[in-house]
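Structure, as structure tokens:
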């Protein structure tokens, strides 16, 4: 079970504590030093997800970051040309529609509803929704034990919507970022955090949470991570898909997994690496 092997992941990564709160305003850009236009490229990522997209000072790490850098290079942009833009779940469509980003790599699950506003390249990774609880809590063992519980997820995220749709007796608290859920979980205000199991494992592996948190149950969804881009930009979509396919065929995709999640002897789950879907 790859989820369990992820628990050691990103143990050395620090938690990003200063994060965008939930709201309708645009995220604040943060650049690596490259131009923010012209020869540059603006790429949206998460800033608070260890092992996937994490900002520590001017350093950006994680699997999403590695895929983004590879794709950007295939599009003609060196790493120094990239302007990294924080892309909270609730703001991703707006960031694309208003040209604040060119591409988004931010655990961005491909859904029909989102396709109404943006287009997707990929998928480049397949994850599954899971549950993170306090280590001493035995009342939640999986999705069948959620009745009457208080859960936390992120505004605008696919996991949050799935809880609303499938578990009407669950009280859902939504924040702007997943790390905002952690204090509420630890102090007992909420009973569990739910999102993709890869994200949860990254948080549970942080040194400040050692022995305090645990993942429970089996993943209960399939989440296809895609690259968000301007709706209808088929040419760019096809370029990104070509880059993803090259990343896989050259072994760079597997190398990125090893670099970002290898401390846990991580093996990607079923369907990985996925084959990008046709652009439309």
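Residue numbers (my numbering): 487 to 766.
Every residue gets a Cβ at the ideal spot worked out from N, C-alpha and C, and that includes glycine.
* CA-to-CA distance, residue 622 to residue 763, given in whole angstroms -> Here residue 763 is taken as the residue at index 277 of the chain shown, counted from 1. Here residue 622 is taken as the residue at index 136 of the chain shown, counted from 1. Their Cα atoms are separated by approximately 42 Å.
Have a look at the DSSP bridge pairing and note the partners of residue 616. As a first step, residue 616 must be located in the chain shown, where it is residue number 130. Looking at the DSSP assignment, residue 616 forms a beta bridge with 681.
Straight-line Cα distance separating residue 638 from residue 720: Mapped onto the chain shown, residue 720 falls at position 234. Mapped onto the chain shown, residue 638 falls at position 152. Each residue's alpha carbon lies about 36 Å from the other.
Check: Any idea what DSSP makes of residue 546, helix, strand or coil?
Finding: The residue given as residue 546 occupies position 60 in the chain shown. Looking at residue 546 - three-state DSSP - the assignment turns out to be strand.
### Query
Pairing CB atoms from the stretch 656–669 with CB atoms from the stretch 586–594, are three or more of them under 8 Å?
no
Unbroken stretches of the alpha helix (DSSP H), 4 residues or longer, contained in the stretch 573–646: 578–583 and 598–601
**Q.** Spatial distance of residue 626 from residue 617 (CA atoms)
**A.** Sequence index remark: in the chain shown, residue 626 carries index 140 (1-based). Sequence index remark: in the chain shown, residue 617 carries index 131 (1-based). Computed Cα separation, rounded: 9 Å.
Q. Does the beta carbon of residue 739 sit closer than 8 Å to a beta carbon anywhere in chain B?
A. Given the protein chain composition of this structure (a single chain), no chain B is represented.
Q.
For residue 755 and residue 606, I'd like the C-alpha separation in whole angstroms.
A. Indexing the chain shown from 1 puts residue 755 at position 269. Indexing the chain shown from 1 puts residue 606 at position 120. Each residue's alpha carbon lies about 21 Å from the other.
Quick check: what's the CA-CA separation for residue 726 versus residue 734?
For this step, residue 726 is matched to residue 240 along the chain shown. For this step, residue 734 is matched to residue 248 along the chain shown. Going by the C-alpha atoms only, they are around 13 Å apart.
### Query
Quick one: Cα of residue 646 to Cα of residue 684, how far?
The residue given as residue 646 occupies position 160 in the chain shown. The residue given as residue 684 occupies position 198 in the chain shown. Each residue's alpha carbon lies about 16 Å from the other.
Starting from residue 725, trace the alpha helix (DSSP H) in both directions and tell me its first and last residue.
Taking the chain shown and counting its residues from 1, the one referred to as residue 725 is at position 239. Segment 720–735, the alpha helix (DSSP H) holding residue 725.
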